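Below is one structure, written out as structure tokens; the observations come after it.
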Amino acid sequence: MQRSLINSIMLSNDNFIIFSSIDWTTHWQLHHQLTTSLVSTGNRVLFVENTGVRSVSMHDISRLRERIANWRKGLHGFSSINGDSLTLYSPILLPFPYSKFSLFVNKKIFNLFISRWMKASNFDNVVVISFLPTPLIQSAIKSIDPKLTIYYCANNMADSSASASKVRPYEDHFFKSVDIIFTAAYVIQEYALRFSNKVFYFPPGIDFEKFEVALKDKQDIPNDLKKITGPIVGYIGTLGKVLDQKLLCTLIDQCSNFTFVFIGPKYTNIDILEAKSNTVFLGVKPHDQLPYYIKSFNVGIVPYVCNKFTEGVYPSKLNEYLAMGIPAVSTNLKEVREAREEHGKTKIIANNTDEFINAVKSSVLDQSSILLKEQRIKTAKENSWESRFKGISKIIEEELIVIENSQIAVNWKKIFESYFHFRSKRRKLLFTFIFSFLVIFYSPLFWFMGEQLIVRNAPVKADAIVVFSGDGQVSYQNLSYQKRSLDAIKFYESGYANKIFLSSGREQTISDVEMIKLYLISRGVHESSIYILDKYPNSTYQNIMMVKQRLDNENVSSILFLTSPYHSLRSILTWSKNAPNIKVVIPEVVDSPSKIMQWSTSFKDVRVIFYEFIAIAHNWIVGRV
């Protein structure tokens, strides 16, 4: 299929495999939204249910029973949900995701069944979207060999439990290996940027049209709420470890004239809440019916504990409350704070138990103005899933276009066959080429050479931070300047220097240093602390001499110097030779290559390492270093 970026609005006619972190029958979440949206726009989807990120517990027994039932109903776990468009796979695996033996067995079973289904269904040339970074999933992706791999990191998975924490090193590797990263929380986005520059923020959105229909519908309140006469404080979502049960108990006791309604699956012991006389637990309700339940609430709550895990949780229920125009009260979660800053005071954030209780009481008693109700609905509409999916589709489509344009059709079998019909001399040439290729790209030789070029120092306080932007390229595909910006921000915020000088290596229509300046300002750096050198030198030597002149004029005698890692040795030698009056320290940066010996080197790195050694030799000959 030939793609056109100009005409492409939404993804269509592609094959997707979604490795989910939840089961399909779980209450409606981001995973369902993404899947149904892909299907509705004309794609085929294989939805693989949760394969596990932690060891099983007693709470998983019901889920395992359901998994076995699905296996029996379908064909070896595969069952069609929406004709040929959506297929569900419910794998049965050994329940120990990090055991070497279990992993070995699971890989064999899992990869075999998926490959057989793909072959039988003519399901090839796929795009993989994974919500899991586990070793099993990474093995499956490698076996599938997709044209595009996406990691949708929906939460701080490694911080969800002690058992799940084992996934951290696998997740870090996954961040590096995938083509695109989507995150559902700002804190995850910031972490993922350490590993990739193709990181995009897409939190869950709401199916606003469903809520809009319910808002206008004159339908009476649901039958199981009709007997409730007093004010209703409602909660929708998972009843799990994220609930602050201590907070809820105090709230329920102090608001005895209110009825507290909980809708959602139970994944933890809530006996203490169920024992309260003014609580009602309705279990899981169809997603289409949720707007009508929320419509009956006087106030919606998000009573989550505040910890490392919930710091990366975006509670989509907030926007569902707001879509029905009712007040929403939440504990002090990072994502809720970010949303409040973006959308004003449509949400109430409580810093402690007393504030939470007072907020609930005042929200129930307060008859909100029509204007405030409209503001809440407007906020929800701005966070619709439709707009989120359009953004996701655009990014995936753009990446697929890049991939298709870069593919070179080469029949390697024919090439090798033709070589082996040549005379012995040509075979020797082939052998020499292969051996040289392996030595260059698949031995530690160039890693060791590259290590000699890298200067790594601990940061020290200095008069200023000097940033060389690099090759000067500013584009969607090349965002390396952002990493340099993040380093500058880190040292600036840590108090190592209060001035930042920006210098570019190449003149551009859109100046990269101007982009860096805007990015720094957006992250809180004061504009008066940023100095731009608007000349464009032709070499590192000219660049340093130009910067030296400016630093001398500003009475700067010590700097933290930020440049690319492989460029650091040539830079420090040039500084030492030509600017001995300035103390230069090159600190270790975000994108610094690994200190651990590497057995493979990319062509890009080989080219850079070659160039740097040649450049150092040239500068030594002409007396610049």
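Note that the working numbering gives residue 355 to position 365 of the sequence shown, counting from 1, and the numbers run on in steps of one. We put the CB at the ideal spot given by N, CA and C, even for glycine. Treat the numbers as computed from the prediction; the structure is a model and nothing was measured.
CB contact flag (residue i, residue j, <8 Å)
| i | j | result |
| --- | --- | --- |
| S246 | N213 | no |
| V537 | D453 | no |
| I226 | I284 | yes |
| A204 | Y88 | no |
| V116 | F6 | yes |
| L508 | I490 | no |
| P293 | L238 | yes |
| N617 | K594 | Only positions -9 to 615 of the chain appear in the structure, and residue 617 is not among them; the question remains open. |
| N568 | R614 | yes |
| A487 | L550 | yes |
| L84 | N96 | yes |
Nearest-angstrom Cα separation, counted from residue j out to residue i
| i | j | result |
| --- | --- | --- |
| I520 | L492 | 7 Å |
| N3 | V35 | 10 Å |
| V251 | R366 | 21 Å |
| N322 | I347 | 13 Å |
| G254 | K275 | 7 Å |
| T455 | V189 | Before going on, a small fix: residue 455 reads as Ile here, not Thr. If I take the Cα positions, the gap works out to 26 Å. |
| L435 | K137 | 31 Å |
| L122 | I291 | 29 Å |
| A607 | F37 | 56 Å |
| I611 | A605 | 10 Å |
| V596 | F94 | 35 Å |
| M587 | W437 | 7 Å |
| Y191 | T124 | 22 Å |
| K208 | W14 | 31 Å |
| K217 | I211 | 10 Å |
| S359 | A318 | 15 Å |
| S433 | F379 | 43 Å |
| I12 | S548 | 53 Å |
| N342 | Q235 | 14 Å |
| S80 | S133 | 19 Å |
| Y181 | I382 | 20 Å |
| K307 | P527 | 54 Å |
When the options are compared against residue i, the one with the closest alpha-carbon
| i | options | result |
| --- | --- | --- |
| N101 | A130, F91 and L83 | A130 |
| C296 | M314, L272 and E325 | E325 |
| I562 | K188, S554, P555 and V574 | V574 |
| E301 | P159, A148, F271 and F600 | A148 |
| L197 | L559, S433 and K371 | In the sequence as displayed, the identity of residue 197 is Asp instead of Leu. That would be K371, whose Cα lies nearest to the Cα of D197. |
| S167 | A175, F185 and K206 | F185 |
| K351 | L435, A487 and F248 | F248 |
| N72 | G32, F165, Y88 and S11 | G32 |
| Y311 | N568, E202 and L355 | E202 |
| P193 | I134, A313 and I178 | I178 |
| A480 | P577, L390 and Q532 | Here the sequence assigns Lys to residue 480, which means Ala is not the residue at that position. Ranking the options by Cα distance to K480, first place goes to P577. |
| F271 | C239, K298 and G224 | G224 |
| S494 | V303, Q532, N115 and N146 | Q532 |
| L428 | F172, D210, S592 and K156 | S592 |
| E199 | G67, M314 and I382 | M314 |
| L1 | N259, P449 and E388 | E388 |
| F113 | L183, A182 and L76 | L76 |
| D243 | A265, L308, G485 and K90 | A265 |
| E517 | T530, Q539, R540 and Y482 | Y482 |
| G230 | I222, K206 and T258 | T258 |
| S512 | L476, N528, S584 and Y526 | L476 |
| V289 | P221, E328 and K368 | P221 |
| K384 | L280, F172 and K206 | F172 |
Beta-carbon proximity list for residue i, same chain, < 6 Å, skipping 5 on both sides
| i | result |
| --- | --- |
| S120 | F9, I127 and Y141 |
| W18 | H277 |
| N146 | F299 and G302 |
| L28 | F6 and V35 |
| D524 | none |
| P305 | V292 |
Beta-bridge pairing of residue i - partner residues as DSSP gives them
| i | result |
| --- | --- |
| V574 | I549 |
| A340 | T321 |
| R34 | N5 |
| L183 | DSSP, once it has assigned bridges, lists no residue as partnering L183. |
| Y79 | V38 and F68 |
| F250 | V223 and T269 |
| C143 | T173 |
| F190 | F172 |
| K256 | L229 |
Cut-off 8 Å between Cβ atoms - residues of its own chain near residue i, not counting five sequence neighbours on either side
| i | result |
| --- | --- |
| E602 | L443, Y556, H557, L559 and R560 |
| I386 | L1, V117, L138, I140 and I170 |
Neighbourhood of residue i by C-beta, 7 Å cutoff - its chain only, sequence neighbours within 5 removed
| i | result |
| --- | --- |
| F423 | none |
| A478 | I455, V457, I490, L510 and L552 |
heavy atom of the ligand SAM below 7 Å from residue i C-beta
| i | result |
| --- | --- |
| N40 | No copy of the ligand SAM appears in this structure; indeed no ligand is present at all. |
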